[in-house]
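Trainee: In the numbering used here, each residue's number is its place in the sequence shown (first place is 1) plus 1101. Here's a structure for you.
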Amino acid sequence: MDEPNLSPKKYSLSSYLQFIIPSIIGVLILMVPFQYQGETTIVVALLASKLTSATANILPAIVLIFITITGIITLLHKLFKPSFIEDNEFLKGIFDVSIFWVLTRLVGMVLGFLVYFNIGPEWIYSEFTGGLILYDLILTLFSMFLFAGFLLPFLTDFGLLEFVGSILTPLMRPVFTLPGRSSIDCIASWVGDGTIGVTLTNRQYQQGYYTAREASVIATTFSAVSITFSLVVLSQVDLMEYFGVYYLTIIICGVVAALILPKIPPLSRKKDVYYTENKMDTGEDIPEGFTTIQWGTKLAIEKAKKTGNPKDFVVNGTKIVFDMWLGVLPAIMAFGTIALIVAENTQLFVWLGTPFIPILNLFNVPFATEAAQTMVVGFADMFLPSVIGASIPSEMTRFIIATLSVTQLVYLSEAGAVILGAKIPVGLKDLFFIFIERTLVTLPIIILVAHIIF
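This is how it looks when you write it as structure tokens:
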């Protein structure tokens, strides 16, 4: 860095506005909740839901086309290495994958066809399994990825992360061993949607702002469930009057899990290596003569000045969208459908929940046997525990189930599948161990709170 730049300087009003205006737009669109027709939402989620509703008749077919394209081209690349992919960095990044991911994408493609055309046993395409994934979850995510791909750069490319990162690094680095900019991922998830947080983290990881360890920790620990979905879960168990203490408990559990999980395997084994050779400066080292705000402002304005080309903005946004459509949708179709089939048609998650019966009995949780069935089924889908637990007579037990299902976080039908489909180095086995660890860490806290309020 040149010496003249190593001192605070005044910028023109236009330089400040070039950083401030796009950043405010990004915050308003992606992070500020508001009431719409009696429901809490954010602009990007509202736009996604409107598009999904307007195109509901043709969107499943469009999704199936994208999943099919991914499956076929991934297989062709694995077999023949065509030059149009080999010579294109963007396409190679999408289609050059391991055998495991080739098989995953092919399974997602086959399941997509079976569900769309109602072929085979009903348990594959029913409204509780494959039908739920293709006609509900993926349609919403398809639209969400479209808008998020073009709107996320307002958060990431105009200096907001540099500014916030500089200010919050003194907190985030010693407490969570993460860059200060990761706090934006967390906030975007809490008030918006967990998939937005994962998408944001994946983008930052690919650009060289996060190491493999940092991206893995952020995606599985900070990409939290949105306030909106937390409300839906609590409503399902008929305990809306406890929302304040319920969400406070979720936040406490999230912080405790964020302190503990990165220090134990599998997250502690992730390496501090970068996805790209071009490691980006996160602005953590504040030069002498700067305050944190002055340094953050300098980094933000310089970042914004580099992002003034509308053509690059459109091209990069398009790449983000197609990366998520082609890379993530097949994974969600495969993992989400299989997980729901197992949850709905086998006793696997009931068996996996059996070890929790003595734990729940030890803590005097009413209806421990019934509650234990919900402990692990959330790995398939976060909504399943509250559906199963809604009929349990004890308010305390329903509160525990609803709160735990949100703090477990990495469920396969959405957030977990998005993580698996992203470039972040977290595998299926990692996700399951993280899920169990989150359960064991947060369950005692939730039970303690439940005993206090009931």
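Ideal placement from N, C-alpha and C gives every residue a C-beta, glycine not left out.
What's the call for residue 1164, buried or exposed, on a 16-neighbour Cβ count within 10 Å?
Mentor: Buried, because 16 or more other Cβ atoms sit within 10 Å of the Cβ of residue 1164.
Trainee: DSSP three-state call for residue 1423: helix, strand or coil?
Mentor: The answer is helix: DSSP assigns residue 1423 an H, G or I state.
Trainee: Check whether the Cβ of residue 1492 lies closer than 8 Å to any heavy atom of the ligand MN, and answer yes or no.
Mentor: No copy of the ligand MN occurs in the structure displayed, which carries no ligand at all.
Trainee: How should residue 1370 be labelled, buried or exposed, when 16 other C-beta atoms within 10 angstroms of its C-beta is the threshold for buried?
Mentor: Looking at its Cβ environment, which holds fewer than 16 other Cβ atoms inside 10 Å, residue 1370 is exposed.
Trainee: Can you tell me which of the three DSSP states residue 1348 falls into?
Mentor: If DSSP states are grouped into helix, strand and coil, residue 1348 belongs with the helices.
Trainee: Drop a sphere of 10 angstroms on the beta-carbon of residue 1242, count the other beta-carbons inside from all chains shown, and report buried for 16 or more, exposed for fewer.
Mentor: With 16 or more Cβ atoms within 10 Å of its Cβ, residue 1242 is classed as buried.
Trainee: Spatial neighbours of residue 1545 within its chain, please: CB distance less than 8 Å, with the 5 preceding and 5 following residues excluded, ordered by chain position.
Mentor: Taken in chain order, the residues that qualify are 1464.
Trainee: Among residues of its own chain, excluding the 5 on either side of residue 1192, which ones have a beta-carbon nearer than 8 Å to its beta-carbon?
Mentor: Excluding residues within five positions, the ones whose Cβ falls inside 8 Å are 1185, 1186.
Trainee: DSSP on residue 1448, reduced to helix/strand/coil?
Mentor: Residue state, collapsed to three classes: coil.
Trainee: Quick check: what's the CA-CA separation for residue 1105 versus residue 1308?
Mentor: Low per-residue confidence applies at residue 1105: pLDDT is 44, beneath 50, and the placement is therefore not dependable, though the value from the model is reported in the following sentence. So the two alpha carbons sit approximately 27 Å from each other.
Trainee: Over the uninterrupted beta strand (DSSP E) stretch that includes residue 1135, give me the two end residues.
Mentor: Per DSSP, residue 1135 belongs to the beta strand (DSSP E) from 1135 to 1137.
Trainee: Quickly, what does DSSP pair residue 1375 with across the bridge? List them, please.
Mentor: In DSSP, residue 1375 forms a bridge with 1312.
Trainee: The alpha helix (DSSP H) spanning residue 1112 covers which residue range?
Mentor: Here residue 1112 belongs to no alpha helix (DSSP H), and DSSP marks it neither H nor E.
Trainee: Would you identify the three-state DSSP class for residue 1233, choosing helix, strand or coil?
Mentor: Helix, per DSSP.
Trainee: Residue 1267: buried (16+ other C-beta within 10 angstroms of its C-beta) or exposed?
Mentor: Answer is buried; the Cβ neighbour count reaches 16.
Trainee: Assuming contact is defined by CB atoms lying nearer than 9 Å, are residue 1143 and residue 1130 in contact in what I supplied?
Mentor: Cβ distance < 9 Å, so residue 1143 and residue 1130 count as in contact.
Trainee: Output the distance between the C-alpha atoms of residue 1449 and residue 1461, rounded to the nearest integer angstrom.
Mentor: Their Cα atoms are separated by approximately 19 Å.
Trainee: Compare the C-alpha of residue 1114 against each of 1340, 1398, 1388 and name the closest.
Mentor: Out of 1340, 1398, 1388, 1398 has the C-alpha closest to the C-alpha of residue 1114.
Trainee: Taking C-beta to C-beta, are residue 1498 and residue 1489 nearer than 9 Å?
Mentor: No, the pair does not count as a contact, with Cβ atoms beyond the cut-off.
Trainee: Where does residue 1356 land, buried or exposed, given buried means 16+ other C-beta within 10 angstroms?
Mentor: Looking at its Cβ environment, which holds fewer than 16 other Cβ atoms inside 10 Å, residue 1356 is exposed.
Trainee: Let me confirm a value: residue 1345 is counted as buried when at least 16 other C-beta atoms fall within 10 Å, else exposed. Which label applies?
Mentor: Exposed: under 16 other Cβ atoms inside 10 Å.
Trainee: Classify residue 1228 as helix, strand or coil using the three-state DSSP reduction.
Mentor: Note: residue 1228 maps to coil in three-state DSSP.
Trainee: Just how far apart, CA to CA, sit residue 1468 and residue 1459?
Mentor: Approximately 12 Å between the Cα atoms of the pair.
Trainee: Among 1435, 1471, 1155, whose alpha-carbon lies nearest the alpha-carbon of residue 1452?
Mentor: Selected option, being the one with the closest Cα: 1471.
Trainee: With a CB to CB cut of under 6 Å and the five nearest residues on each side skipped, what residues in its chain are close to residue 1179?
Mentor: If we look at residue 1179 and ignore the five residues flanking it on each side, its Cβ neighbours are 1203.
Trainee: Identify, in the order they occur along the chain, each residue of the same chain with its Cβ nearer than 6 Å to the Cβ of residue 1445, setting aside the five sequence neighbours on each side.
Mentor: Cβ neighbours of residue 1445 beyond the five flanking positions: 1229, 1230.
Trainee: Beta carbon of residue 1523, beta carbon of residue 1482: below 9 Å?
Mentor: No, the pair does not count as a contact, with Cβ atoms beyond the cut-off.
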